[in-house]
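Chains as they are written, first to last, in our numbering: chain A, 135 to 725; chain B, 135 to 725. Some notes on the structure that comes next.
Structure below.
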């Protein structure tokens, strides 16, 4: 482009170049919050038919929508805000993307350097605004002709850093200063690579174990009595299953592992099983292979920590998942290639009834859970999780809130064909519905309907996810388990130690707000489910109709604790024949 | 306290000590978001009858409630969150407190060091989470007996730093790690100072001008044709008025200056007056005394910048308010003492019709605004601002949103007896309703009802301010000027440069949500005002009934631009006799 002194032209040309390079780099989605300083980039994004642009009034929610898009597609969405607290509002989503390893390109508009720190309106210090929670931060300053040859690299690199950054996928932050005028017509862009290629191509690499590493792991694992704990990021299901078969080990499969498809051999009720002390003692492993992120179950974590087993933790992005310091080997490599290498090098696997004992216990537990839930006509929280996992079609995505829903799905969901997603980087209850909106938007590129499972507090926390939602053209059903407050606290020591008034004030926190009234204010229809058997049909109806629906399932916090206990008792009773004297561990009532 | 190895006892004792010291330091309010890791401090706060504790489900809103409390009282409120993104959610309110100079004590619960960076749940890097946007950051680590002698200092200093920190009042951040168990009974606290005194007493100082400084300012200002621009933080009204009288200068009074009480001589329509080129040229000053934060008017700022006048900027907290680089003197001192010193040292003041010309123009402008608004039976946005300023009782507080409301109040509000507050640190539209909730809560300590003036986008952005609001026992009326989208953009070049569809997509952003439906979902009643003359009565009724109300005033974005122009035309016409040939400057249509 020719040198020019017209800031409007410079802004427009710079932004059109960024967007062109993002499109070449495979970006398909942008989320834009209204603002003035961000005008040049907002217009450039909206001008490209290759991009789907969502406009969102609340930047916090916009950040989580972009997070959901990145989580579902593996491609970063671009989220754009104007300057000031609008930019700050993205911080929660950035932290979640950072810790969960979700690609995200954050673009914040800024005022130019000469307007900083002099009382100019809507001007805050946005340099390194998100601290260490980004893979990459860049601040190119106001567009300058002399730097035009670097613009394509800037945008292209932002995608490479978000997808293939050191430490794996995550958020990047471009802080973009614009001088007035903010409007202008773009000059011809700096030339890009031929054939529409992006300026930089990243990735195309994979870290695996070398010969020494493989020998070390094989020496520890081969022939030992082991378990695989498969979390999110565990690697390809076929590889996990193949190694489990080769070794004769059970797969303790987290809901997000992808290893819960019905028919595959996996342990889906580890939490309930391991609450039975006798069983837990009888199945102590010698080795543990931990793949990806850890499950939510404290009971499982405690059992692993107490096992004395040698533990191998594998994570593709090199995250150090080891709160109990029990990992003997930390393998920062692609789990799939590690699993395949191990399967090839294993000699014979462990012989005996080890796998069979786990499988038998799993079958007993699963039947016991079903039996308990069949006895409840009123909706129960474990029952809602199980119904969703069982009844949703295989092309659906299930976005599960932190707090109780992720636990109910992990512990009681059972087999499921759906893809389970959750914000488990920082485990916040914020932004869950917006994340689901992002996942639902991503379904336009591939996939079926999206269902979110959230509690009433998480739903209300993120009620601004509903802004504009009815018009976004998505298929999203939001199931709100409504126990009028914070249900998880009923499982914590606070519930027994405090008097009811204090507990309800600080932890129970009833609010009395009907989620369906909030939904209705946003033009979204809703249904209340009051009997357990209705839920599957209501869900089916919502999915058949398409569009956005809220399904409210009314539960009770105290009754929820009781049904959890009832299930644990039933699982213990079911194990009694094979593990006589088993009682559910009362100390394990918690979450 | 005796050394103990019981973490529950340590946590409880540490927290009870912090709270005791906060109470001694004058803290009266806390805002607590539900969480588990924060349990020790939540319980300690709730245990003290001297403290009013608000529980809020949304940390972002909780932060702004605490901001409003600090803004209204000058005392920091304590806002407490659990760990993880819950803590991150406070960032917008912290940035606003930082830039607006509002005292705030942020307490975030954290997991202990040994649970960091190992995949433990709800654990993020909270060290210096808010970057440079705090006056003080402290991270004492998990409570340890050996450090017990420092606990009182920690809490007491947090208040001193928030109220009297270097750079003036602002936010402080205590990141507090707790080990399990989180419950325990407090041991005897470390002894405090006698007589219930706080550990540290800060403040009690004031920076004023010395002899050399006074001589320099007097040489510049005395006898010159000057104007005073009085913003928030301008100093005591009596001192401003006394200097204006001594010098014969007009006071161009921002709505937040406190200098707009009816009957006092001040220029309240500077923006409209200075849009008339002839008038603006006729009243160019030789000197300008800028007190506190600048008004929102770009027209006023541009006129000052072009004036060539010598300009003296005074700010008590040393903020450098000078976006146009026109300040010749930057006086970082208490405005009141500067004003009194100047008034004593001034020789005679400027003689002539200078003040009279301003006063006459002001009277003409005010009458013209009244006449235009009297001609509109339908509600107008300038009319809403004027009605609020005129009709609210003197003991009320008016919390005004950024974007158009602050401009409408500044430009068209006219005389008012109420205290006008706004988030003008970063000028965000986020958290405005929550800030008003905080101001309304503060009224329990002193003051009358609170009224908020917000647009529909700001209202919806902060709809979670309504969580629990009906039960907070406050008198708060929220006036929502509802033009179904972002009204300010209709005044920007984007409105004329873009086609309607693109403009509405990115800037107009209609949402179709009725604020009253959102309010109703939270059990809050509302009224729609469809005729301008109804508003005063509806307001009076709401204030008489007490409690929380939402008043929706339906306006139209295009009509709003037209009525602004109509007012500017009328003011120009009114000035025509004294300033023949005056036309409103069409280039000054913007905001």
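Beta carbons are placed, not taken as given, at the ideal position from N, Cα and C, and that holds for glycine.
Item: Does the beta carbon of residue 694 of chain A sit closer than 8 Å to a beta carbon anywhere in chain B?; Value: no
Item: What's the gap between the Cα of residue 457 of chain A and the Cα of residue 429 of chain A?; Value: 12 Å
Item: Decide yes or no for the touch test of the region 391–407 of chain B against the region 364–377 of chain B: beta carbon pairs closer than 8 Å, at least 3 of them.; Value: yes
Item: If you run the structure through DSSP and keep just helix, strand and coil, what is residue 305 of chain B?; Value: strand
Item: For residue 632 of chain A, which option in B:190, B:317 and B:232 has the closest C-alpha, if you only look at C-alpha atoms?; Value: B:317
Item: From what residue to what residue does the alpha helix (DSSP H) around residue 374 of chain B run?; Value: 371–381
Item: Considering only the beta carbon of each residue, do residue 657 of chain A and residue 650 of chain A sit closer than 8 Å?; Value: no
Item: Quick one: grab the DSSP three-state call for residue 531 of chain A.; Value: strand
Item: Use the C-beta contact count for residue 216 of chain A: other C-beta atoms within 10 angstroms, 16 or more gives buried, fewer gives exposed.; Value: buried
Item: Would residue 611 of chain B be called buried (16 or more neighbouring beta carbons within 10 Å of its own) or exposed?; Value: buried
Item: Could you name each continuous beta strand (DSSP E) segment of 3 residues or more that falls completely within the region 589–646 of chain A, going from the start of the chain to the end?; Value: 610–616
Item: Going along chain A in order, which residues have a C-beta closer than 8 Å to the C-beta of residue 598 of chain B?; Value: 594, 595, 597 and 598
Item: Alpha carbon to alpha carbon, how far is residue 244 of chain A from residue 232 of chain B? Give it in angstroms, no decimals.; Value: 18 Å
Item: Taking the alpha-carbon positions, what's the residue 423 of chain B to residue 444 of chain B distance?; Value: 9 Å
Item: Would residue 452 of chain B pass as an interface residue toward chain A - the criterion being a Cβ-Cβ separation below 8 Å?; Value: no
Item: Using beta carbons (cut-off 8 Å, strictly below), is residue 170 of chain B in contact with chain A?; Value: yes
Item: Just to confirm, is the Cβ distance from residue 197 of chain B to residue 227 of chain B under 8 Å?; Value: yes
Item: Considering only the alpha carbon of each residue, which of A:151, A:161 and A:449 lies closest to residue 340 of chain A?; Value: A:449
Item: Going by Cα to Cα distance, which pick from A:609, A:343 and A:474 is closest to residue 369 of chain A?; Value: A:474
Item: Identify which residue in B:235, B:204, B:234 and B:242 has its Cα closest to the Cα of residue 222 of chain B.; Value: B:242
Item: Mind pulling the chain C residues with CB within less than 8 Å of residue 252 of chain A?; Value: Looking for chain C here will not work: the only protein chains present are A and B.
Item: In whole angstroms, what separates the C-alpha of residue 497 of chain B from that of residue 550 of chain B?; Value: 15 Å
Item: Rank B:263, B:332, B:670 and B:431 by C-alpha distance to the C-alpha of residue 521 of chain B and give the top, closest one.; Value: B:670
Item: Would you please verify whether the beta carbon of residue 641 of chain B is less than 8 Å from any beta carbon of chain A?; Value: yes
Item: Can you list, in chain order, the residues of the region 303–320 of chain B whose Cβ is nearer than 8 Å to any Cβ on chain A?; Value: 315, 316 and 317
Item: Classify residue 333 of chain B as helix, strand or coil using the three-state DSSP reduction.; Value: coil
Item: Would you grab the beta carbon distance between residue 405 of chain B and residue 434 of chain B for me? Rounded to a whole angstrom, and I think it's under 8 Å.; Value: 6 Å
Item: What residue ranges within the region 652–712 of chain B form continuous beta strand (DSSP E) runs of no fewer than 3 residues, ordered along the chain?; Value: 659–663 and 682–688
Item: Out of curiosity, what's the CA-to-CA distance linking residue 253 of chain B and residue 286 of chain B?; Value: 33 Å
Item: Which same chain residues end up closer than 7 Å to residue 169 of chain A when comparing Cβ atoms and leaving out the 5 residues on each side of it in sequence?; Value: 215, 216, 220 and 243
Item: Would you verify that the beta carbon of residue 322 of chain B is, or is not, closer than 8 Å to some beta carbon of chain A?; Value: no
Item: Could you pull out every residue in the same chain whose Cβ sits closer than 7 Å to the Cβ of residue 203 of chain B, ignoring the five residues on either side in sequence?; Value: 163, 211, 572, 575 and 576
Item: Does DSSP put residue 540 of chain A in a helix, a strand or coil?; Value: helix
Item: For residue 495 of chain A, report the span of its alpha helix (DSSP H) as first-last.; Value: 488–508
Item: Closest to residue 381 of chain B by C-alpha separation, out of B:311, B:489 and B:236, would be which residue?; Value: B:489
Item: Using three-state DSSP, classify residue 154 of chain B as helix, strand or coil.; Value: helix
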